[in-house]
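A.B. asks: Position 42 (the sequence shown) corresponds to 321 in this note's numbering; numbering is contiguous.
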Amino acid sequence: MSPHISLSRYLVEEQRQRGKIPAQLRLLLEVVARACKGISHAVNKGALGEVMGSAGSENVQGEVQKKLDIIANEVLIEANEWGGHLAAMASEEMDSIYVVPNRYPQGEYLLLFDPLDGSSNIDVNVSIGTIFSVLQKPEGIAAVSEQDFLQAGAKQVAAGYCVYGPQTMLVLTVGDGVVMFTLDREQGSFMLTQEHVKVPEDTQEFAINMSNMRHWAPPVKRFVDECLQGKDGVRGKNFNMRWIASMVADVHRILMRGGLFMYPWDQREPNKPGKLRLMYEANPMSWLIEQAGGAATNGQQRILDIQPTQLHERVSVILGSKNEVERVTAYHANV
Ligand code: AHM
Ligand code: MG
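1. Please report the straight-line C-alpha distance between H531 and I284, rounded to a whole angstrom.
2. Based on Cα-Cα distance, which residue from E480, K434, N338 lies nearest to A571?
3. Compare the C-alpha of E309 against each of Q294, A321, N323 and name the closest.
4. Helix, strand or coil, according to DSSP, for N491 in the structure here?
5. Have a look at A351 and I318 and give me their C-alpha separation to the nearest angstrom.
6. Which same chain residues end up closer than 8 Å to L304 when comparing Cβ atoms and leaving out the 5 residues on each side of it in sequence?
7. Helix, strand or coil: which one does DSSP assign to N550?
8. Use the C-beta contact count for N562: other C-beta atoms within 10 angstroms, 16 or more gives buried, fewer gives exposed.
9. Could you give the first and the last residue of the continuous beta strand (DSSP E) run that contains P394?
10. Using a Cβ-Cβ cutoff of less than 7 Å, which residues in the same chain neighbour H591 once the five nearest sequence positions on both sides are dropped?
11. Which residue marks the beginning of the beta strand (DSSP E) containing F502, and which one marks its end?
12. Taking C-alpha atoms, which residue in E569, F540, G432 lies nearest to Q415?
13. Got a sec: does the ligand AHM put a non-hydrogen atom nearer than 8 Å to the Cβ of L551?
14. Per DSSP, what are the beta-bridge partners of D463 in this structure?
15. Closest to D455 by C-alpha separation, out of L567, P445, V499, would be which residue?
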């Protein structure tokens, strides 16, 4: 692999050679990447940029918004509204969809994002990230509505995330595998640093917030209990555990070396299917994981097959190394 392939060149070559990326989608991905550079810059400045702390407001799901949540949201909206590639956007941090204003041309795509996932980690300088998902605007639509966003994850045409960690990395799929780019700050460009990303089918590492154990459903408890028994238990091997509380960072680790990530339904809020959001978090991450050979379910079905009924809908998430995802899913079937 040449060390000199920028994101722009990669996208142009994908468009030219494989016809995978139409020109509008290429522009969209370049713009999202540019916005992520801006967010990375704000995140890096930290207290020096006066961007830390709470904004004193709540989002539609009743979660306290950090200043950086709002800044990241604005950066993504401003970068994307004028290029002519989008019809509308939806964000975890906005109550309703943002239709591209009339003064700009309307494009063929819909963009969804969690502008800054894992934002409880901002103030403690732990990795956070931006997650995005791209859908096609349904054909023959005059005025875009929320309904047009309610498409199953299998219909995504691009998805990815940018992780703001020790390195800022953009991870992307357009349905042709998973590629990773690292931000070269001197050049101001994302450079291709990994292709053919593959999640191993087996793993000895799992990620779940163990403090919720007493609230879990029996299949999840059974799976984790068996992991904790290690070599002496039914699994016959020891497991390691990681929980960063930033889905982007946890999923990035799984893409790099395998593992199982779970944020399952639990009894704290029994009427909600889970904590994470289907459209902004679960769908893009599930597609990336599947494109890298892993699997993603909600315990009952493939996440990408779920037909959304609401923009801010939540979902139980089990994703990562295929054989472990299949095991947890099978435990759900046995209840
Ligand atoms: P956020 O979008 O409000 O940041 O919430 C999502 C995050 C995920 O990144 C992470 O996996 C999870 O919440 C952590 O939750 P908890 O603090 O309950 O462990
Ligand atoms: Mg989030």
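Ideal Cβ positions, reconstructed from N, Cα and C, are used throughout, including at glycine.
C.D. replies: According to the structure data:
1. Taken atom to atom, the span from the alpha-carbon of H531 to that of I284 is near 21 Å.
2. Ranking the options by Cα distance to A571, first place goes to E480.
3. When Q294, A321, N323 are compared, the shortest CA-CA separation from E309 is found for Q294.
4. Three-state result, N491: helix.
5. Distance between the alpha carbons of A351 and I318 is about 6 Å.
6. Correct list, in chain order: H364, Y388, V413, V436, A437, V453.
7. Note: N550 maps to coil in three-state DSSP.
8. Counting Cβ neighbours within 10 Å, N562 comes out buried, since at least 16 surround it.
9. Start and end: 388 to 396.
10. If we look at H591 and ignore the five residues flanking it on each side, its Cβ neighbours are V339, Q340, R556.
11. Premise fails: F502 lies in the alpha helix (DSSP H), 497 to 508, not in any beta strand (DSSP E).
12. Its Cα nearest to that of Q415, the residue G432 stands out among E569, F540, G432.
13. It is Lys, not Leu, that sits at residue 551 in the sequence shown. Checking every heavy atom of the ligand AHM against the Cβ of K551, none is found closer than 8 Å.
14. Within the DSSP secondary-structure output, D463 pairs in a beta bridge with S468.
15. Out of L567, P445, V499, L567 has the C-alpha closest to the C-alpha of D455.
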